[in-house]
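With positions in the sequence shown counted from 1, the corresponding number in my numbering is that position plus 190.
These notes concern the structure reproduced below.
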Amino acid sequence: MLKNQKNIRIAFVGAVEEGRECLQEIINYGGNVVGIFTFTEEIALKTSGAVDFEEISIEHNIPLFRVKSTNNPDAVAQMRELKPDIIFVIGWTRLVSAEILEIPRFGCIGMHASLLPRFRGRAPVNWVIIHNEKETGNTAMQLNEGVDTGKMVAQKGFPISMADTCQTVYHKVARAGREMIVEILDAVNAGNLPSIQQNDAEATEMPKRRPEDGIVDWQKGALDLFNFVRALTHPYPGAFSYLRGRKLFIWEARIAHYPHLKSHISNWENIEPGTVLGVSDGVVVMTGKMELLTLHRLSFEEEEELGWRDFVKTYKIQVGDVLESEIEVTVQV
């Protein structure tokens, strides 16, 4: 427990589930949380994965401030009035201004869902899976005016298995965050908070992902596409293709090995990637490198998500159907 937890004033800034779980960990630890900052309802509706902090605020009698940004003059003034000794910024999608950074004597502590300095920037959970990383983690750092460039105060790694998806990796990230909260509060209390400079030579920075970036490129190999699908599945917008002129979301896929298929198809090398080759144990699709992917959960846009058997039956999916990487437009002349 934090020996003088009632004397160390903690402000919290967050908007998503990871942040709420870390806040609960601070409260369980005995931390003196003097204020919670989260998005206005309008901004929250536009933020992927946003959760409400009102219940935890009421339960523990902690003032709740709904802001468009912590950098707004009103929010800065509210933060100053709280006189926090340390500010935790976890699960927040905006940079924090110098005005906020200079308020707490122990600094602003943020978390980033990767093993910094690799995968700085946006959507780290999605990117590490897309890049077929075997390990990732969560890093706590002293925030500065850069993007994920602050000195590290704690870091926890964990493996990524072939069974993981963006959702399961996110849960592992959140668990690592909760564990680091205890370490950080212990260190603050003991007066020995770590401060480890990142090695910029090893840094990579990833761009923002948009829903339209989920288009499947069937020219890629089965492993790349398997990673792509599981990186973008729920709760994210999903990987998608086009079939019969309709947008088709692919929520679950697996790498397939059917050596007997090749012996039964004479023009194997000439089959177009995206072509359906079978509907047994999944919708079997040819990919680039003459590899196979089976699709197991699918949905047309604005339609119910179905397992592959129901999908095949409902939409009469047949061998020879072709999944496209762009919608076909028929022009009549």
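Don't be surprised by glycine CBs; every beta carbon is placed ideally from N, CA and C.
Distance, residue j Cα to residue i Cα
{"i": "leucine 496", "j": "glycine 209", "result": "32 Å"}
{"i": "glutamate 271", "j": "glutamate 292", "result": "14 Å"}
{"i": "lysine 503", "j": "glycine 336", "result": "52 Å"}
{"i": "aspartate 471", "j": "tyrosine 448", "result": "11 Å"}
{"i": "isoleucine 276", "j": "arginine 444", "result": "45 Å"}
{"i": "valine 318", "j": "asparagine 389", "result": "19 Å"}
{"i": "alanine 205", "j": "isoleucine 440", "result": "28 Å"}
{"i": "glutamate 494", "j": "alanine 380", "result": "54 Å"}
{"i": "asparagine 197", "j": "glycine 300", "result": "21 Å"}
{"i": "alanine 391", "j": "threonine 339", "result": "12 Å"}
{"i": "cysteine 214", "j": "isoleucine 252", "result": "Residue identity differs from the one stated: residue 214 is glutamine in this sequence, not cysteine. Distance between the alpha carbons of glutamine 214 and isoleucine 252 is about 12 Å."}
{"i": "glycine 428", "j": "threonine 484", "result": "16 Å"}
{"i": "lysine 341", "j": "valine 286", "result": "15 Å"}
{"i": "asparagine 382", "j": "asparagine 218", "result": "22 Å"}
{"i": "proline 425", "j": "histidine 486", "result": "17 Å"}
{"i": "valine 475", "j": "isoleucine 320", "result": "19 Å"}
{"i": "proline 274", "j": "valine 359", "result": "32 Å"}
{"i": "histidine 450", "j": "leucine 467", "result": "12 Å"}
{"i": "arginine 499", "j": "valine 469", "result": "8 Å"}
{"i": "glutamine 357", "j": "glutamate 373", "result": "25 Å"}
{"i": "arginine 400", "j": "lysine 506", "result": "31 Å"}
{"i": "phenylalanine 243", "j": "phenylalanine 227", "result": "9 Å"}
{"i": "glutamate 402", "j": "glycine 239", "result": "18 Å"}
{"i": "phenylalanine 296", "j": "serine 515", "result": "50 Å"}
{"i": "alanine 446", "j": "proline 263", "result": "56 Å"}
{"i": "threonine 260", "j": "tryptophan 408", "result": "43 Å"}
Reduced DSSP category for residue i - H, G, I as helix; E, B as strand; rest coil
{"i": "phenylalanine 202", "result": "strand"}
{"i": "asparagine 194", "result": "In this prediction, asparagine 194 scores a pLDDT of 49, lower than 50, which makes its location untrustworthy; no coordinate-derived value is stated."}
{"i": "tyrosine 432", "result": "strand"}
{"i": "threonine 326", "result": "strand"}
{"i": "glutamate 514", "result": "strand"}
{"i": "threonine 504", "result": "helix"}
{"i": "glutamate 344", "result": "Just to set this straight, residue 344 is alanine in the shown sequence, not glutamate. Alanine 344 falls in the strand class under three-state DSSP."}
{"i": "histidine 450", "result": "helix"}
{"i": "leucine 235", "result": "helix"}
{"i": "glycine 400", "result": "In the sequence as presented, glycine is not what sits at residue 400; that position holds arginine. Reduced to three states, the DSSP call for arginine 400 is coil."}
{"i": "lysine 479", "result": "helix"}
{"i": "glutamate 207", "result": "helix"}
{"i": "proline 263", "result": "helix"}
{"i": "phenylalanine 418", "result": "helix"}
{"i": "methionine 352", "result": "coil"}
{"i": "asparagine 251", "result": "coil"}
{"i": "tryptophan 498", "result": "helix"}
{"i": "arginine 310", "result": "strand"}
{"i": "asparagine 532", "result": "With the chain running from 191 to 523 in the structure shown, residue 532 is simply not present."}
{"i": "leucine 291", "result": "helix"}
{"i": "valine 279", "result": "strand"}
{"i": "valine 521", "result": "Residue confidence is low: valine 521 scores 43 on pLDDT, short of 50, so the model does not pin down where it sits. Its coordinate-derived value is still stated next. DSSP places valine 521 in coil when its eight states are reduced to three."}
{"i": "glutamine 214", "result": "helix"}
{"i": "valine 315", "result": "helix"}
{"i": "tryptophan 458", "result": "helix"}
Cβ-based neighbour list, residue i, same chain, cut-off 8 Å, excluding 5 preceding and 5 following
{"i": "glutamate 325", "result": "Leu305, Gly347, Phe348, Pro349, Ile350"}
{"i": "leucine 438", "result": "Phe430, Ser431, Tyr432, Leu488, Ser489, Phe490, Glu491, Leu513"}
{"i": "isoleucine 216", "result": "Ile200, Phe202, Val223, Phe278, Ile371, Leu375"}
{"i": "threonine 230", "result": "Arg256, Val257, Lys258"}
{"i": "glycine 411", "result": "Thr477, Gly478, Lys479, Glu481"}
{"i": "threonine 283", "result": "Ala205, Thr237"}
{"i": "valine 523", "result": "At valine 523, the pLDDT of 43 sits below 50, so the modelled position is not reliable and the matter cannot be decided from this model."}
{"i": "glutamine 508", "result": "Val466, Val469"}
{"i": "isoleucine 517", "result": "Tyr432, Gly435, Lys437"}
Same chain, Cβ closer than 7 Å to residue i, neighbours up to 5 away in sequence not counted
{"i": "tryptophan 458", "result": "Lys452, Met480"}
{"i": "leucine 415", "result": "Val406, Ala443, Thr477, Leu483"}
{"i": "alanine 288", "result": "Glu335"}
{"i": "aspartate 511", "result": "Leu433, Val466"}
{"i": "glycine 404", "result": "Leu422, Pro427, Gly428, Ala429, Phe430"}
Own chain, CB closer than 6 Å to residue i, minus 5 neighbours either side, in chain order
{"i": "asparagine 322", "result": "Asn417"}
{"i": "glutamate 207", "result": "Val241"}
{"i": "threonine 355", "result": "Arg420, Thr423"}
{"i": "valine 519", "result": "Bear in mind that the predicted position of valine 519 carries a pLDDT of just 48, short of 50, making it too unreliable to give a figure here."}
{"i": "serine 385", "result": "Lys341"}
Neighbour flag for residue i against chain C, beta carbons, 8 Å
{"i": "methionine 352", "result": "Among the chains of the structure shown, chain C does not appear; only one protein chain is present."}
Touching by the beta-carbon criterion (3+ pairs, under 8 Å), the stretch 322 to 330 and the stretch 365 to 377
yes
Specify whether the stretch 458 to 465 and the stretch 418 to 427 touch according to this definition: at least 3 beta carbon pairs, one from each stretch, less than 8 Å apart.
no
Within 8 Å, do at least three Cβ pairs link the stretch 295 to 311 to the stretch 390 to 398?
Taking a cut-off of 8 Å for Cβ pairs, the stretch 390 to 398 and the stretch 295 to 311 touch, as three or more such pairs fall below it.
Can you confirm whether the stretch 241 to 250 touches the stretch 261 to 277 when touching is taken to mean that 3 or more C-beta pairs between the two stretches lie within less than 8 Å?
no
Those runs of the alpha helix (DSSP H) which lie wholly inside the stretch 355 to 393 and span at least 4 residues:
Restricting attention to alpha helix (DSSP H) runs no shorter than 4 residues, the stretch 355 to 393 encloses them at 356 to 380, ordered along the chain.
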